[in-house]
Amino acid sequence: MSTLLPSDAPSTVPDKPLVGVVMGSSSDWDTMQHAVQILTDFGVAHEARVVSAHRMPDDLFAYAEQAGPRGLQAIIAGAGGAAHLPGMLAAKTTLPVLGVPVASRHLQGVDSLHSIVQMPKGIPVATFAIGTAGAANAALFAVSLLALHDPDLATKLQAFRAAQTEAARAMTLPV
Ligand code: RP5
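FYI, the numbering for the sequence shown is 90 to 264, going by my numbering.
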């Protein structure tokens, strides 16, 4: 997988994570790896792990409670089906939680989307598109948040957008 970053983008990621990427199951990785790839490409320190809301509820609470003190600036949370992971994380931390609905087997992720987006008033979860586009965009949104206080990251984001624009302008059609 490649993104449209300039070739001099850093290839290493510093140790202390700024963004946590969590998911309800290893089966979500095919989707959530697209978030991790964006963060890697931008050189944003991150971590990725399984934190299941219904199979690891105590771990979920501990992760959310420790996220801020550990220095995380945002949490990207992906889950499918009755996708309560992002909402429960948001209930236990005031960090921004970016929710990614993972496509489910029977309802193709519409269930995941509704579960994540329909948070009651008072506990927000920023909700992205179902699937890989949502995962990538959640990571790009996290980059935008961090770029508010990181001029180098802001410059990379502008270069990413410019490269994307040039790629679109260079598109050709078969007619
Ligand atoms: C959710 O259940 C996970 O986020 C995953 O999308 C879904 C299915 O999990 P597995 O049965 O594949 O472990 O908790």
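No residue lacks a Cβ here, since even glycine has one placed at the ideal position from N, Cα and C.
Item, Value
"Confirm the yes/no value for this check: CB of A224, any heavy atom of the ligand RP5, distance under 7 Å.", "no"
"Is M145 near the ligand RP5, in the sense that its beta carbon is under 7 Å from a heavy atom of that ligand?", "no"
"Measuring only from the beta carbon, is S141 closer than 7 Å to any heavy atom that is part of the ligand RP5?", "yes"
"Per DSSP, what kind of secondary structure is T182 in: helix, strand or coil?", "coil"
"Going by C-alpha to C-alpha distance, which of P185, D148 and D147 sits closest to G160?", "P185"
"Going along the chain, which residues of its own chain have a beta-carbon closer than 7 Å to the beta-carbon of L229, five neighbours each way excluded?", "I127"
"In chain order, what residues of the same chain have a beta carbon less than 7 Å from the beta carbon of A156, not counting five sequence neighbours either side?", "G109, I164, T182 and L184"
"Measuring CB to CB, does G138 end up less than 8 Å from V111?", "As written in the sequence, residue 138 is Arg, which differs from the Gly given in the question. Yes, these two residues count as a Cβ contact at 8 Å."
"Could you tell me whether the Cβ atoms of G211 and P190 are closer together than 8 Å?", "no"
"Does DSSP classify G157 as helix, strand or coil?", "coil"
"Once DSSP output is grouped into helix, strand and coil, what is the label at M208?", "coil"
"Report the partner residues of T216 according to the DSSP bridge assignment.", "G188"
"Am I right that M208 and G167 are in contact with their C-beta atoms under 8 Å? What's the rounded C-beta distance?", "So it is not a contact: roughly 16 Å between Cβ atoms."
"Using alpha carbons as the reference points, say which of A218, L187, A180 and P213 lies closest to G198.", "A218"
"Identify which residue in Q247, I205 and G169 has its Cα closest to the Cα of R194.", "G169"
"Once DSSP output is grouped into helix, strand and coil, what is the label at H135?", "strand"
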